[in-house]
Amino acid sequence: MSMRVLYWAAALLSIVLAVVIYLSMREGEDVTSRRHPPTPTFVLLPSPTIRVIPTVVLPSAMPTVWTPTPTPMHVATPTPTSPPTPSEDQAEEVVHAYFEAIDSEDYEGALARTHGRAREQTSQIVDEIRSQEQESGQQADIRVTQLQLSSQPAHGSVRPVDVVATVGAYADLGIAEVEVQELHTEAVFDVALVEGEPKIVDIRQRS
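Read in order, the letters of the sequence shown are residues 1380 to 1586 in this note's numbering.
Below, the structure is given as structure tokens:
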């Protein structure tokens, strides 16, 4: 019983001491500070500088300007047309007429059926005939004794005509005609249309 009393007496003493210590600590504090809490101090901070940042327009946000694409013009290119080619009949007819004119000694008629290089070649033949007549003092009689014509496939605008001909020169001696010269030739006469008319444009020896 005495021990329990001592225990409670010690506990009560410790409580009293604790209260005394707490009160002694409270006496050192400012009464005013207990009643009125400290006024907060306001510090003026510098106002932030506002910078205007220009808005960047991204390429995707830029307005799209429609530019019409020019349509290429298609100019019709004229298709080149090959010059016309004389027919087989036309080619053979003009060559036949050429030799008929030679046989008739119509040299101007023979020249009229030629063009370009063939005209120059025929002029040389005519000049040679006339030169021999002047040297001999006699007019030769030119005759075409053989003529074979065969037109060939055209090469471009030119149609070749194979010619086998025999041409003789005869002199009149009064009592008889004498063959002075005979020329046998195998040649190729190239015929083309010149201003729509068939002309002999070249005379070539057959190879």
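The C-beta atom is built at its ideal place from N, Cα and C for all residues, glycine as well. The structure displayed is predicted, hence computed values, not measured ones.
Let me confirm a value: residue i is counted as buried when at least 16 other C-beta atoms fall within 10 Å, else exposed. Which label applies?
{"i": "Val1557", "result": "exposed"}
{"i": "Glu1564", "result": "Per the sequence shown, residue 1564 should be read as Thr rather than Glu. Exposed, because fewer than 16 other Cβ atoms sit within 10 Å of the Cβ of Thr1564."}
{"i": "Pro1532", "result": "exposed"}
{"i": "Leu1587", "result": "For residue 1587 there is no data in the structure shown, the boundaries of the chain being 1380 and 1586."}
{"i": "Ile1554", "result": "exposed"}
{"i": "Leu1572", "result": "buried"}
{"i": "Val1410", "result": "Note on Val1410: pLDDT 43, under 50, position unreliable in the model; the coordinate value appears next. Exposed, by the Cβ-count rule."}
{"i": "Arg1492", "result": "buried"}
{"i": "Glu1576", "result": "exposed"}
{"i": "His1534", "result": "exposed"}
{"i": "Asp1581", "result": "buried"}
{"i": "Glu1471", "result": "buried"}
Which value, in whole angstroms, describes the spacing of the CA atoms of residue i and residue j?
{"i": "Val1523", "j": "Pro1463", "result": "31 Å"}
{"i": "Ile1481", "j": "Ser1536", "result": "26 Å"}
{"i": "Ser1515", "j": "Arg1509", "result": "10 Å"}
{"i": "His1475", "j": "Leu1528", "result": "8 Å"}
{"i": "Tyr1549", "j": "Ser1586", "result": "29 Å"}
{"i": "Phe1344", "j": "Gln1517", "result": "With the chain covering only 1380 through 1586, there is no way to say anything about residue 1344."}
{"i": "Ile1579", "j": "Tyr1477", "result": "9 Å"}
Could you give the first and the last residue of the continuous beta strand (DSSP E) run that contains residue i?
{"i": "Ala1571", "result": "Glu1556 to Val1573"}
{"i": "Arg1538", "result": "Val1537 to Asp1551"}
{"i": "Arg1522", "result": "Asp1520 to Ser1530"}
Assuming residue i and residue j form a contact by the criterion Cβ under 8 Å, report the distance between their Cβ atoms to the nearest whole angstrom.
{"i": "Arg1538", "j": "Glu1467", "result": "7 Å"}
{"i": "Ser1530", "j": "Val1543", "result": "Not confirmed; about 13 Å, so no contact."}
{"i": "Val1570", "j": "Val1473", "result": "6 Å"}
Using only alpha-carbon positions, find the residue among the options that is nearest to residue i.
{"i": "Thr1545", "options": "Ser1530, Ile1521, Gly1516 and Gln1500", "result": "Ile1521"}
{"i": "Gln1525", "options": "Glu1499, Gly1547 and Asp1551", "result": "Gly1547"}
{"i": "Ala1519", "options": "Glu1484, Ser1502 and Thr1501", "result": "Glu1484"}
{"i": "Glu1332", "options": "Gly1495, Gln1469, Tyr1486 and Arg1496", "result": "The question about residue 1332 has no answer, for the chain in this structure spans 1380 to 1586."}
With respect to the alpha helix (DSSP H) encompassing residue i, which residues constitute its N-terminal and C-terminal limits?
{"i": "Thr1501", "result": "Arg1496 to Ser1515"}
{"i": "Asp1482", "result": "Glu1467 to Asp1482"}
{"i": "Ala1354", "result": "Coverage of the chain is limited to positions 1380 through 1586, which leaves residue 1354 absent and any answer about it impossible."}
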